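Undergrad:
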Amino acid sequence: MKPSIKLISNYEYKKLFLPEVSTHDLFNESKLQVYRIENYLTSIVIPVNPYRTSFNFLIFVTKGFVKQQLETSVFDIKANEALNIKQGNFTATLELSNDVEGFFVVYENEIITDIALNKNDLSFFYTSPFLILNAVTFDWIVRAFLLLEEELFTTDRVMEICVALFQSILLKIIRLENKGNEVLSRARYISFHFREQVQRDHVNHKTISYYSNLLKISDNYLNKCVKDATGKPPKQWINEISILHSQILLQDNSRDVAGIAFELNYQSPSYFSRLFKKVTGYSPSEYRLQLAK
1260 MKPSIKLISN YEYKKLFLPE VSTHDLFNES KLQVYRIENY LTSIVIPVNP
1310 YRTSFNFLIF VTKGFVKQQL ETSVFDIKAN EALNIKQGNF TATLELSNDV
1360 EGFFVVYENE IITDIALNKN DLSFFYTSPF LILNAVTFDW IVRAFLLLEE
1410 ELFTTDRVME ICVALFQSIL LKIIRLENKG NEVLSRARYI SFHFREQVQR
1460 DHVNHKTISY YSNLLKISDN YLNKCVKDAT GKPPKQWINE ISILHSQILL
1510 QDNSRDVAGI AFELNYQSPS YFSRLFKKVT GYSPSEYRLQ LAK
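Following my numbering, the numbering of the sequence shown begins with 1260 at its first residue and continues without gaps.
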């Protein structure tokens, strides 16, 4: 059996999707990197097939729009808006407007862990990926990004200053997002941990009871929490995350559909194909044909 989906590194991301990237940017492995969307992402090969990264990134749009898939949702990120994408999430850039501008920030987990965040602050990273900013906060963040960009690209840069500036940006966003929501609801908390566990275990475990047992709650309570927090029941999440995983496997033409079905522990290739079509609107074979176009 072939190994499952790996997380692509920052270097691999640039190599795969950015054919015109400079040598300097290609080999930049700093724990914090800031690029202009108009200079960095506009050369991306669109549409990008779903992938998972070993790093986190923030898309902050100041003009135009970016259409980005994150897990099972698609976001149109416009001016004054941002999308935070965690390490390991399924994601893909689907479209960029011709006039798009903004900042694309790559950051490692240690950037987050170095900030003194309380439980409610940390909820931002798993419950609120999409952000709509008010004009005052937007202007403040743009000015902070300009300072961060200036420090990052100066010859005698001080990385501690760069990290502190970005952490200030994150805190500004987090505190705005959490204002008026002082207590992280139990439903959102359970929903997050359920989805994180599904990401890890969906290949071998596709029943609701497995996850409710892990979380030490009843099936009914898990169903209520996840549906209240996300609008979708747990079984739909399990199916959609598993099918997202299979979409990445299907990008490898050396794998046959039946082999992928059994690798993901479906009872039969025909059942897998029916579920794939229910989730995506295409059969696995039709999906491959779409990739080849």
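Here a beta-carbon is modelled for each residue, glycine too, at the ideal position from N, C-alpha and C. It should be emphasised that the depicted structure is a prediction, and the values quoted were computed from it without experimental measurement.
Answer with buried or exposed for L1405, where buried requires no fewer than 16 other C-beta atoms within 10 angstroms of its C-beta.
TA: In the sequence shown, residue 1405 corresponds to position 146, counting from 1. L1405 is exposed by the Cβ-count criterion.
Undergrad: Under the DSSP definition of a beta bridge, which residues are partnered with A1351?
TA: Locating residue 1351 in the sequence shown gives position 92, where the first residue counts as 1. In DSSP, A1351 forms a bridge with Q1328.
Undergrad: For S1471, which residues of its own chain have a beta-carbon under 7 Å away from its beta-carbon, when the five flanking residues on both sides are left out?
TA: One-based indexing of the sequence shown puts residue 1471 at position 212. Excluding positions up to five away in sequence, the list reads S1477, D1478, L1481.
Undergrad: Can you give me the C-alpha to C-alpha distance between F1412 and F1362, rounded to a whole angstrom?
TA: The residue labelled residue 1412 in the question sits at position 153 within the sequence shown. The residue labelled residue 1362 in the question sits at position 103 within the sequence shown. Spanning the two alpha carbons is a distance of roughly 14 Å.
Undergrad: Can you tell me which of I1519, S1529, L1429 puts its alpha carbon nearest to the alpha carbon of H1504?
TA: Working through the sequence shown from its first residue, we reach residue 1504 at position 245. Checking every option, the nearest Cα to that of H1504 belongs to I1519.
Undergrad: If L1353 sits next to Q1327, beta carbons under 8 Å apart, how far is it from one beta carbon to the other, in whole angstroms?
TA: Taking the sequence shown and counting its residues from 1, the one referred to as residue 1353 is at position 94. Taking the sequence shown and counting its residues from 1, the one referred to as residue 1327 is at position 68. At roughly 7 Å, the Cβ-Cβ gap stays under 8 Å, so L1353 and Q1327 are in contact.
Undergrad: Near F1319, what residues of its chain come up, given a Cβ to Cβ distance below 6 Å and the 5 sequence neighbours on each side ignored?
TA: Within the sequence shown, residue 1319 is the residue found at index 60, counting from 1. A1341, G1361, F1362, listed in sequence order.
Undergrad: Please report the distance separating the alpha-carbon of F1535 from that of E1499.
TA: If you number the sequence shown from 1, residue 1535 lands on position 276. If you number the sequence shown from 1, residue 1499 lands on position 240. Approximately 9 Å, taken between the alpha carbons.
Undergrad: Looking only at its chain, what residues have a beta carbon closer than 8 Å to the beta carbon of S1527, apart from the 5 residues adjacent to it on each side?
TA: Residue mapping note: residue 1527 aligns to position 268 of the sequence shown, counting from 1. Same-chain partners within the cutoff: A1520.
Undergrad: Taking the beta strand (DSSP E) that N1298 belongs to, which residues open and close that run?
TA: Residue 1298 sits at position 39 when you count from the first residue of the sequence shown. First-last for N1298: 1296 to 1299, but that is the alpha helix (DSSP H), not the beta strand (DSSP E).
Undergrad: Since S1529 and S1542 should fall inside the 8 Å C-beta cutoff, what is the C-beta to C-beta distance between them, to a whole number of angstroms?
TA: Residue 1529 sits at position 270 when you count from the first residue of the sequence shown. Residue 1542 sits at position 283 when you count from the first residue of the sequence shown. Not really, about 11 Å apart at Cβ, beyond 8 Å.
Undergrad: State the Cα-Cα distance for the pair Q1549 and E1522, rounded to the nearest angstrom.
TA: Start at 1 with the first residue of the sequence shown, and residue 1549 comes out as number 290. Start at 1 with the first residue of the sequence shown, and residue 1522 comes out as number 263. Looking at the two C-alpha atoms, the distance is approximately 22 Å.
Undergrad: Buried or exposed for Y1366, please, with buried defined as at least 16 other CB atoms from any protein chain shown within 10 angstroms of its CB.
TA: For the purposes of this step, residue 1366 is taken as the residue at position 107 of the sequence shown. Y1366 should be labelled buried.
Undergrad: Which residue from P1306, S1332, F1451, K1475 puts its Cα closest to that of L1277?
TA: As a position in the sequence shown, residue 1277 is number 18, starting the count at 1. Checking every option, the nearest Cα to that of L1277 belongs to P1306.
Undergrad: Report yes if the CB atom of V1538 is closer than 9 Å to the CB atom of I1502, and no otherwise.
TA: Your numbering for residue 1538 matches position 279 in the sequence shown. Your numbering for residue 1502 matches position 243 in the sequence shown. For V1538 and I1502, yes; Cβs fall inside 9 Å.
Undergrad: Please state if the CB of V1401 and the CB of S1356 are separated by a distance shorter than 9 Å.
TA: Working through the sequence shown from its first residue, we reach residue 1356 at position 97. Working through the sequence shown from its first residue, we reach residue 1401 at position 142. No. Outside cutoff.
Undergrad: Between which two residues does the alpha helix (DSSP H) holding E1279 run?
TA: The residue you call residue 1279 lines up with position 20 of the sequence shown. It is not in any alpha helix (DSSP H) - E1279 carries neither H nor E in the DSSP assignment.
Undergrad: Could you check if Y1272 belongs to the surroundings of the ligand MN, using beta carbon to heavy atom distance under 8 Å?
TA: Although the ligand MN was asked about, the structure shown includes no ligands whatsoever.
Undergrad: Could you give the distance in angstroms between the alpha-carbon of G1323 and the alpha-carbon of E1408?
TA: Within the sequence shown, residue 1323 is the residue found at index 64, counting from 1. Within the sequence shown, residue 1408 is the residue found at index 149, counting from 1. G1323 and E1408: Cα-Cα distance of roughly 21 Å.
Undergrad: Give the straight-line distance between the Cα atoms of S1450 and F1334, rounded to the nearest whole angstrom.
TA: Within the sequence shown, numbered from 1, the residue matching residue 1450 stands at position 191. Within the sequence shown, numbered from 1, the residue matching residue 1334 stands at position 75. If I take the Cα positions, the gap works out to 20 Å.
Undergrad: Which of the three DSSP states, helix, strand or coil, is assigned to E1441?
TA: Counting from 1 along the sequence shown, the entry for residue 1441 is found at position 182. Confidence in E1441 is poor, its pLDDT being 46 and thus under 50, which makes the residue's placement too unreliable to answer from.
Undergrad: With a threshold of 16 other CB atoms inside 10 Å of the CB of R1311, please say whether the residue is buried or exposed.
TA: On the sequence shown, residue 1311 is found 52 positions in, with the first residue counted as 1. Answer is buried; the Cβ neighbour count reaches 16.
Undergrad: Compare the C-alpha of I1391 against each of N1339, L1430, V1417, L1474 and name the closest.
TA: Position 132 of the sequence shown, counted from the start, is the residue given in the question as residue 1391. The residue with the shortest Cα to Cα distance from I1391 is N1339.
Undergrad: Is A1338 helix, strand or coil by DSSP?
TA: Reading the sequence shown from its first residue, position 79 is the one you call residue 1338. Three-state result, A1338: coil.
Undergrad: Apart from the five residues on each side of it in sequence, which residues of its chain come closer than 7 Å, Cβ to Cβ, to I1336?
TA: Working through the sequence shown from its first residue, we reach residue 1336 at position 77. I1318, V1320, F1324, V1325, Q1327, L1342, listed in sequence order.
Undergrad: Would you mind working out which of A1517, N1269, K1465 sits nearest W1496, comparing C-alpha positions?
TA: On the sequence shown, position 237 is the one that residue 1496 refers to. Ranking the options by Cα distance to W1496, first place goes to K1465.
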